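Chains as they are written, first to last, in the numbering used here: chain A, 1 to 412; chain B, 413 to 674. Here is the structure we will look at.
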Amino acid sequence: MDTDYKYEPKNGLTRWLDSRLPLMRFTSEHVLQFPTPKNLNYFWTFGFILTMCLVTQIITGIILAMHYAPSTLLAFDSVEHIMRNVNYGWLIRYIHSNGASMFFLAVFIHMFRGLYYGSYKEPREVIWILGCIIYLLMIVTAFMGYVLPWGQMSFWGATVIINLVGTLPLIGESLTQMLLGGFAVDNPTLNRFFSLHYLLPFIIFGVVLLHIWALHVPGNNNPVGLSVQGKQDTVAFHPYYTVKDFFAYTVFLLLFCYFIFYNPNALGHADNYIEADAMVTPAHIVPEWYLLPFYAILRAVPDKLAGVLLMFGAIAVLFFLPWLDTAKVRSGRYRPVFRYFYVLFVIDCLILGYLGAQVPEGIYLFLSRVTTIYYFAFFLLVLPILGRIEKMKPMPIGISNSELSRDMVAAE
Amino acid sequence: MLQLIKIKSLILISSVFFVLSNQAYSAGGTTYDLIKPGFSFEGPTGTFDRAQLRRGYQVYREVCASCHSMKQLSFRNLNQKGGPEYTEDDVKLFASDYTVIDGFDDYGDPVERTRILSDRFPNPYDSKEAAKASNNGAYPPDLSLITKARSGGYNYIYSLLQGYGKEIPEGVEISDTLSYNPWFPGNGIAMYQPLYEESVEYEDGTFASIEQMSADVTAFLAWSAEPEMEERKRLGFIVMSFLLIFVLLMFFTTTRLWRDVH
Numbered sequence: 001m002d003t004d005y006k007y008e009p010k011n012g013l014t015r016w017l018d019s020r021l022p023l024m025r026f027t028s029e030h031v032l033q034f035p036t037p038k039n040l041n042y043f044w045t046f047g048f049i050l051t052m053c054l055v056t057q058i059i060t061g062i063i064l065a066m067h068y069a070p071s072t073l074l075a076f077d078s079v080e081h082i083m084r085n086v087n088y089g090w091l092i093r094y095i096h097s098n099g100a101s102m103f104f105l106a107v108f109i110h111m112f113r114g115l116y117y118g119s120y121k122e123p124r125e126v127i128w129i130l131g132c133i134i135y136l137l138m139i140v141t142a143f144m145g146y147v148l149p150w151g152q153m154s155f156w157g158a159t160v161i162i163n164l165v166g167t168l169p170l171i172g173e174s175l176t177q178m179l180l181g182g183f184a185v186d187n188p189t190l191n192r193f194f195s196l197h198y199l200l201p202f203i204i205f206g207v208v209l210l211h212i213w214a215l216h217v218p219g220n221n222n223p224v225g226l227s228v229q230g231k232q233d234t235v236a237f238h239p240y241y242t243v244k245d246f247f248a249y250t251v252f253l254l255l256f257c258y259f260i261f262y263n264p265n266a267l268g269h270a271d272n273y274i275e276a277d278a279m280v281t282p283a284h285i286v287p288e289w290y291l292l293p294f295y296a297i298l299r300a301v302p303d304k305l306a307g308v309l310l311m312f313g314a315i316a317v318l319f320f321l322p323w324l325d326t327a328k329v330r331s332g333r334y335r336p337v338f339r340y341f342y343v344l345f346v347i348d349c350l351i352l353g354y355l356g357a358q359v360p361e362g363i364y365l366f367l368s369r370v371t372t373i374y375y376f377a378f379f380l381l382v383l384p385i386l387g388r389i390e391k392m393k394p395m396p397i398g399i400s401n402s403e404l405s406r407d408m409v410a411a412e
Numbered sequence: 413m414l415q416l417i418k419i420k421s422l423i424l425i426s427s428v429f430f431v432l433s434n435q436a437y438s439a440g441g442t443t444y445d446l447i448k449p450g451f452s453f454e455g456p457t458g459t460f461d462r463a464q465l466r467r468g469y470q471v472y473r474e475v476c477a478s479c480h481s482m483k484q485l486s487f488r489n490l491n492q493k494g495g496p497e498y499t500e501d502d503v504k505l506f507a508s509d510y511t512v513i514d515g516f517d518d519y520g521d522p523v524e525r526t527r528i529l530s531d532r533f534p535n536p537y538d539s540k541e542a543a544k545a546s547n548n549g550a551y552p553p554d555l556s557l558i559t560k561a562r563s564g565g566y567n568y569i570y571s572l573l574q575g576y577g578k579e580i581p582e583g584v585e586i587s588d589t590l591s592y593n594p595w596f597p598g599n600g601i602a603m604y605q606p607l608y609e610e611s612v613e614y615e616d617g618t619f620a621s622i623e624q625m626s627a628d629v630t631a632f633l634a635w636s637a638e639p640e641m642e643e644r645k646r647l648g649f650i651v652m653s654f655l656l657i658f659v660l661l662m663f664f665t666t667t668r669l670w671r672d673v674h
């Protein structure tokens, strides 16, 4: 985005630095003075909230790693050592374990916002794809992190998921053995999961930087979905959005702290407080809540391989979203029919999440098939077709000008 | 539209809770509702009843400990703030009832000494195999985390302890080595009825009914699973109070700042 604002070094030192490392210029132009649409609503605060989530996870994770022992003989007890003997260890661990849930809650809202306001559409396709990569990395990281406490759900969750990889033709078997470091979930598995769980957040951090970089080329989308036409449409990022984002973050923190201090195990599974035992299978193996929709899709089909492909497909389809949605109008505000399909899609995802926690039998199995079909139909049928035939509502001329656009009124 | 989105996000958040709360109760696999006596440590400001924790420890030491380990606990924990808060001398006395092998002497012989504050609770069995052999092949689980490790939590433990001596309903088959207990998944539990009236003689003179002992030992187990609970709630109150004020300040700052942007 072209900015009218240009950084001017004010004294000798900053002039000297600016010609060698333009750090002040970068900060000034891309953080402090960055022109941001003035009409962003609170759904746009989740980018900042997510950055804070990532930083929180990394800081608490590094401290946990100082006390954690990645060995099948020690892992479970070392987590309890953190909970009982390390100063404020319980706090750090509860922040980290609930932080993962809050991270996913925020990312879901962030993604549903992008979906509603068409934030993935030209020219923001790359931002969206980088976001999908971050989401995928988050899933992998969270899955590996859940294995580390070495409870029953850690062990059996890992066993189930890694077995799924084994159903893939050709690469399945060797990939499984590479993940396991052997033939079953055991010490080598735990060791490499710990190593990767420590590595991946930094890769996520790198992709987040790319995500923000890509964002700063066209600038933010906004609820109206129109491009910024001039200075009258924007405000400086600081203080307007630094303050607004931080306000939203404090509200988010209230919910986060409720879980940490008053209900720290509500989002986990009781079985994970039982040490892993390869000889005892839990009655129900369920993943963490944020993976339940995908788990429901996996179990909706009788064939294992088809289930695995559908589950991966449910994430893969997101990458193609910019080209599947054929509507030129970005914001769902001006798409009267899309709105209904969108609300239905949100409800569909929630039901899938609910079904992921149930035993796939009878009505639950039937419902999971219906909701799985709609999940894919939304992307593969609704969005491509609807964009061509939907009659859009009249749109304003610009972000600051609520007067309706002439040609849109004419189109009505 | 904004209104609609706000409602949707509320639905999203509330459904998450719905799924979770549902999950917690679906795994139990029993048709009986849990007995919920209402413990002192429930709720955002609830704290443990010291006298109850001490009675609970007595029940554990005199009854449960003959089969169940509590390997995450050290004797010093009994003296810790937020727990039974026994005096250091009391705890030293408890610990000295047990011995531990602590390294080897100069001749390579194991050195046995009495336990001290920093030692863990003793394990009633030398190995998992020995534990199984003494209990018809069933392994008595470690109790350190038991209230966190069962869906239904401490209410489940409380109910289970009182689930003995009930008439077996028609159509339910329980093998000879198991006891019928309506709250145990599958209803056949390897643990025999552990508590009988006056199984222990309380030091504080409380009458040891099955209900009383169940509540006391459950409270003790709830503490051992979450020894940080009181500190957590206390710190939570401070953090939440601060946040509430801070949120208000941030709200006023934001509205003041954005007032002139149109």
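We put the beta carbon where it would ideally sit given N, CA and C, even for glycine. None of these values were measured; they are calculated from a predicted model.
Using a C-beta to C-beta distance shorter than 8 Å, which residues of chain A count as neighbours of B:ARG527?
Correct list: empty, because the minimum Cβ distance to chain A is about 18 Å.
Measure the alpha-carbon distance for A:VAL31 versus A:PRO218 and round it to whole angstroms.
A:VAL31 and A:PRO218: Cα-Cα distance of roughly 15 Å.
Between A:THR72 and A:SER195, what straight-line distance do the alpha-carbon atoms span, to the nearest angstrom?
Approximately 14 Å, taken between the alpha carbons.
For B:THR667 and A:HIS238, what's the separation of their Cα atoms in angstroms?
Approximately 15 Å between the Cα atoms of the pair.
Using 10 angstroms around the beta-carbon of B:HIS480, count the other beta-carbons present and answer buried if the total reaches 16, otherwise exposed.
Burial call: buried.
Leaving out the 5 sequence neighbours to the left and right, which residues in its chain are closer than 7 Å to A:PHE294 when beta-carbon positions are compared?
Counting only Cβ-Cβ distances below 7 Å, and skipping sequence neighbours, we find MET311, ALA314.
By how many angstroms is the C-alpha of A:ILE162 removed from the C-alpha of A:PRO149?
Cα to Cα, A:PRO149 sits roughly 17 Å from A:ILE162.
A:VAL308 and A:THR167 look like a contact to me (Cβ under 8 Å); what is the Cβ gap, rounded to whole Å?
5 Å between Cβ atoms; contact.
Taking the beta strand (DSSP E) that A:HIS235 belongs to, which residues open and close that run?
First, the amino acid is wrong: residue 235 of chain A is Val here, not His. Per DSSP, A:VAL235 belongs to the beta strand (DSSP E) from 234 to 236.
Suppose contacts are defined by Cβ-Cβ distances below 8 Å. Is B:TYR566 in contact with B:PHE451 by that definition?
Yes.
Which residue marks the beginning of the alpha helix (DSSP H) containing A:ASP77, and which one marks its end?
From DSSP, the alpha helix (DSSP H) with A:ASP77 extends over 75 to 84.
With 7 Å as the C-beta to C-beta threshold (strictly closer), list the residues of the region 635 to 653 of chain B near chain A in chain order.
Answer set for the region 635 to 653 of chain B: PRO639, GLU640, ARG644, LYS645, LEU647, GLY648, VAL651, MET652.
What span of residues does the alpha helix (DSSP H) with A:PRO239 cover, start to end?
Careful: A:PRO239 lies outside any alpha helix (DSSP H) and carries neither H nor E.
Straight-line CA distance for B:GLY441 to A:GLU361?
Because the pLDDT of B:GLY441 is 42, which lies under 50, any placement of that residue in the model is unreliable, and the number read from its coordinates should be weighed accordingly. Rounded to the nearest angstrom, the two C-alpha atoms are 16 Å apart.
Does any CB atom of chain B fall closer than 8 Å to the CB of A:LEU226?
With 8 Å as the cut-off, A:LEU226 does not count as an interface residue toward chain B.
What distance in whole Å lies between the Cβ atoms of B:PHE487 and B:PHE460, which are believed to be in contact at a cut-off of 8 Å?
Not a contact, Cβ separation roughly 18 Å.
Closest to A:MET52 by CA distance: which of A:MET102, A:LEU91, A:ASN39, A:MET66 is it?
Of the candidates A:MET102, A:LEU91, A:ASN39, A:MET66, the one whose C-alpha sits nearest the C-alpha of A:MET52 is A:MET102.
Residues in the region 322 to 345 of chain A with C-beta within 7 Å of chain B's C-beta atoms, listed in sequence order?
From the region 322 to 345 of chain A, only ARG333, VAL343 have a Cβ closer than 7 Å to chain B.
Count the other C-beta atoms from every protein chain shown that fall within 10 angstroms of the C-beta of B:MET641, then say buried if there are 16 or more, exposed otherwise.
When all chains shown are included, B:MET641 counts as buried.
Note down the Cα distance separating A:VAL208 from A:LEU130, rounded to an integer number of angstroms.
Their Cα atoms are separated by approximately 8 Å.
Less than 8 Å between the beta carbons of A:ALA283 and B:PRO597, yes or no?
In this structure, B:PRO597 lies closer than 8 Å to A:ALA283 by Cβ.
Apart from the five residues just before and just after B:SER611, which ones in its own chain have a Cβ nearer than 7 Å to its Cβ?
Answer for B:SER611: VAL475, ALA620, MET625, listed in chain order.
Tell me the rounded alpha-carbon separation between B:GLY648 and A:CYS257.
If I take the Cα positions, the gap works out to 7 Å.
From A:VAL370 to A:ASN265, what distance separates their C-alpha atoms?
The straight-line gap from Cα to Cα measures roughly 32 Å.
Would you say B:PRO534 faces chain A, with C-beta separation under 8 Å as the test?
It does not: the Cβ of B:PRO534 has no partner Cβ on chain A nearer than 8 Å.
Drop a sphere of 10 angstroms on the beta-carbon of A:TYR5, count the other beta-carbons inside from all chains shown, and report buried for 16 or more, exposed for fewer.
A:TYR5 should be labelled exposed.
With C-beta atoms as the reference, is A:VAL243 less than 8 Å away from B:VAL673?
No, they are not a contact pair.
According to DSSP, what are the bridge partners of A:THR36?
Answer by DSSP bridge pairing, in chain order: A:VAL235.
Here's the rule: buried if 16 or more other CB atoms are within 10 angstroms of the residue's CB, otherwise exposed. What is A:HIS96?
Buried, since its Cβ has 16 or more Cβ neighbours within 10 Å.
Judging by CA-CA distance, which residue of A:GLN33, A:GLU275, A:PHE319 is the nearest neighbour of A:ILE127?
Closest option to A:ILE127, Cα to Cα, is A:PHE319.
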